[in-house]
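The opening position of the sequence shown corresponds to residue 0 in numbering that gives the first Met the number 0, with each subsequent residue numbered one higher. What follows is a set of notes on a single structure, which appears directly below.
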Amino acid sequence: MSSCMQSEMVSMKGSALVITLMTMILMTSILLVTLSVYEKVERDYITELKKIMVFNVTRSTLETVYEYLKANPDKLQSYLGEFQAELKEFPGTVKLVLSKEGDEYKLTCTSVLDGFTDTQAIVFRKRSALFSYAVVALGNLNLSNNAKIHGNVLYRGENKLSVPNNFVLEGNLIVEKAELELSNNATITGNVEVQNSNLTMSNNSCIGSPDKPSIVKVKGNVALNNNPILYGDVYAGGNVENSGTISGQIFANQDDITFSNPPDFPPPEIPDDLPPPSGELVLEDREQTLTSGTHGYSAVKVQKGGKLTVNTSNGDVILRVGELYVDNNGIIEVRGKGNFVIYVDQKVTFSNNAELKTPDGGKVFIVSDKDNVEISFSNNSVMENLYIYAPRAKVTFSNNARFTGSVVARDVSLSNNVEFVEPQSVPIEVSEGSSTDFEIIKWGKD
Numbered sequence: 000m001s002s003c004m005q006s007e008m009v010s011m012k013g014s015a016l017v018i019t020l021m022t023m024i025l026m027t028s029i030l031l032v033t034l035s036v037y038e039k040v041e042r043d044y045i046t047e048l049k050k051i052m053v054f055n056v057t058r059s060t061l062e063t064v065y066e067y068l069k070a071n072p073d074k075l076q077s078y079l080g081e082f083q084a085e086l087k088e089f090p091g092t093v094k095l096v097l098s099k100e101g102d103e104y105k106l107t108c109t110s111v112l113d114g115f116t117d118t119q120a121i122v123f124r125k126r127s128a129l130f131s132y133a134v135v136a137l138g139n140l141n142l143s144n145n146a147k148i149h150g151n152v153l154y155r156g157e158n159k160l161s162v163p164n165n166f167v168l169e170g171n172l173i174v175e176k177a178e179l180e181l182s183n184n185a186t187i188t189g190n191v192e193v194q195n196s197n198l199t200m201s202n203n204s205c206i207g208s209p210d211k212p213s214i215v216k217v218k219g220n221v222a223l224n225n226n227p228i229l230y231g232d233v234y235a236g237g238n239v240e241n242s243g244t245i246s247g248q249i250f251a252n253q254d255d256i257t258f259s260n261p262p263d264f265p266p267p268e269i270p271d272d273l274p275p276p277s278g279e280l281v282l283e284d285r286e287q288t289l290t291s292g293t294h295g296y297s298a299v300k301v302q303k304g305g306k307l308t309v310n311t312s313n314g315d316v317i318l319r320v321g322e323l324y325v326d327n328n329g330i331i332e333v334r335g336k337g338n339f340v341i342y343v344d345q346k347v348t349f350s351n352n353a354e355l356k357t358p359d360g361g362k363v364f365i366v367s368d369k370d371n372v373e374i375s376f377s378n379n380s381v382m383e384n385l386y387i388y389a390p391r392a393k394v395t396f397s398n399n400a401r402f403t404g405s406v407v408a409r410d411v412s413l414s415n416n417v418e419f420v421e422p423q424s425v426p427i428e429v430s431e432g433s434s435t436d437f438e439i440i441k442w443g444k445d
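Shown next as structure tokens:
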């Protein structure tokens, strides 16, 4: 073999060796990169697992403790502060904090594992079952003349309930015992239950809306006459006579209709240590302040531009009064986020541009267990955050009165452009026999 050929073969072998070495180096590099990527993926995977674990532990612990407090509302005060949750399956730490500001509670949960932290919170407040409706009428409910209610209504009386003359209820209606009649452009936007009688609609009255159909449940018969409109489904224990418009399905002669079960409204608890009502507090063109504690007067009169300031900053203010009159531009203003509780023996009157103001979000309660107590709001009077619990009283709203709150009374009357707005929540109970629910305001990352 010639030297030239030998030289070429050596050159070829050298090139193959170089290629082989380069290939091995490349494969080794790829393997190292793959291992590095794998390690990074593994680290990222473990990191994500830890993050998910911490998030889930925080959320589940928060939900569990919240449900426990909801089932045991009497223990809220004892749990205020910081406490640890012991979870044997979780190698990290879990801390909970329950705080209170005004009538709002905040439950915060923080979980920590290997440097990973997650914090979530629920902000909630107690809602009394006694004030779960805008209006509760245990005896009679009189509605007329363009009045409007924003909220749910419960009628427990036995006389027929008539909803006439452009009356608007933006909420649900439950009629437990009586017959329900809608006429003359009356409107109910929510669901309707007539639990033991019949429903009659006429004269362009309306239930529901195209955007939000209602569910109507009636124990007896349903009759639509003279062009009423019912948007939604109808469930009737008897017949359905339709001379109007029903947009949904009709289920007549049903034996198994399920109705709501509203709460009972027991007599209110009146403290035994209330002072006897004596003397009069008269504020005409002048001001006076009631501070935290208990006060008693036979009459309180805030008139002719007078002003009664109620300061709840250092605790609730309790007033026992025979008669309360606020009229002729009189003002009661509640400062602070506490409660102003008024126990009434005889009469309450707000009229002629009278105002009840709660600029700091405090709540006002009128409570009575007496028969024949009369409570009235009229002539452009404006009420904020007022809750009335007087199961034996008569309460009247008329002549452009504006009311934000809730009322439970024997007889309730609304007429002449009254506007009634149900608020979001109520922080205290006025009867031991009532139940409490919680209302969540905010839930999420903190």
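Quick reminder that beta carbons are idealized off the backbone N, C-alpha and C, glycines included.
- The criterion of a C-beta distance shorter than 7 Å is not satisfied by Q287 and N327.
- Cβ-Cβ distances below 6 Å link G237 to G219, N220 in the same chain, with the five nearest sequence neighbours on each side left out; the list follows chain order.
- Residue environment: I439 is assigned as exposed (fewer than 16 neighbouring CB atoms within 10 Å of its CB, all protein chains considered).
- Fewer than three Cβ pairs drawn from the segment 88–102 and the segment 346–358 lie within less than 8 Å of each other, which leaves the two stretches out of contact.
- In this chain, the beta strand (DSSP E) harbouring D232 covers 231–235.
- Per the C-alpha coordinates, the member of V134, K147, P163, L61 positioned closest to I173 is V134.
- Looking at the backbone, the Cα of F258 and that of S213 are separated by about 15 Å.
- Between the segment 229–249 and the segment 259–267, the count of C-beta pairs closer than 8 Å stays below three; the two stretches do not touch.
- C-alpha of R334 to C-alpha of N197: approximately 47 Å in a straight line.
- The C-beta distance from V411 to L168 rounds to 13 Å, too long to meet the 8 Å contact threshold.
- In terms of Cα proximity to N310, the closest of S291, R124, G360, V417 is S291.
- Counting only the Cα atoms, T403 lies some 10 Å from G150.
- Each residue's CA atom was taken as its position, placing K441 and Q345 some 41 Å apart.
- Taken atom to atom, the span from the alpha-carbon of A408 to that of E418 is near 18 Å.
- The alpha-carbon of N398 is positioned some 22 Å away from that of A389.
- T293 and I317 have their alpha carbons spaced roughly 5 Å apart.
- In this structure, L142 and L385 do not form a Cβ contact; the two beta carbons are roughly 20 Å apart against a cut-off of 8 Å.
- Across the structure, L112 and L137 are spaced so that their CA atoms are roughly 56 Å apart.
- Separation of D370 and L106 (C-alpha to C-alpha, rounded to the nearest whole angstrom) is 42 Å.
- Q248 is not bridged by DSSP to any residue.
- In the DSSP assignment, R401 falls within the beta strand (DSSP E) that extends over 401–413.
- The beta carbon of T60 sits closer than 6 Å to those of A84, V93, C108, all from its chain and outside the five residues before and after it, given in chain order.
- For the pair Y342 and S405, the Cα-to-Cα distance works out to about 16 Å.
- Across the set D102, R285, V64, A177, the C-alpha of D102 shows the shortest separation from the C-alpha of S312.
- Taking the C-beta atoms as reference points, N416 is found no nearer than 7 Å to N224.
- Listed in chain order, the non-local C-beta contacts of N252 below 8 Å within the same chain comprise A235, G236, G237, N238, local neighbours out to five positions each way being set aside.
- Counted as a single uninterrupted DSSP element, the stretch harbouring N238 is not any beta strand (DSSP E), since DSSP gives it neither H nor E.
- For Q194, the three-state secondary structure derived from DSSP is coil.
- In this structure, the alpha-carbon of S367 lies about 18 Å from that of F396.
- Taking the Cα of Q119 as reference, the smallest distance to any Cα among S208, V217, V64 is reached at V64.
- Exposed is the label assigned to F82, since fewer than 16 other Cβ atoms lie within 10 Å of its Cβ.
- In the structure shown, L318 falls within a strand segment according to DSSP collapsed to helix, strand and coil.
- S204 sits close to L181, with the two beta carbons spaced by under 7 Å.
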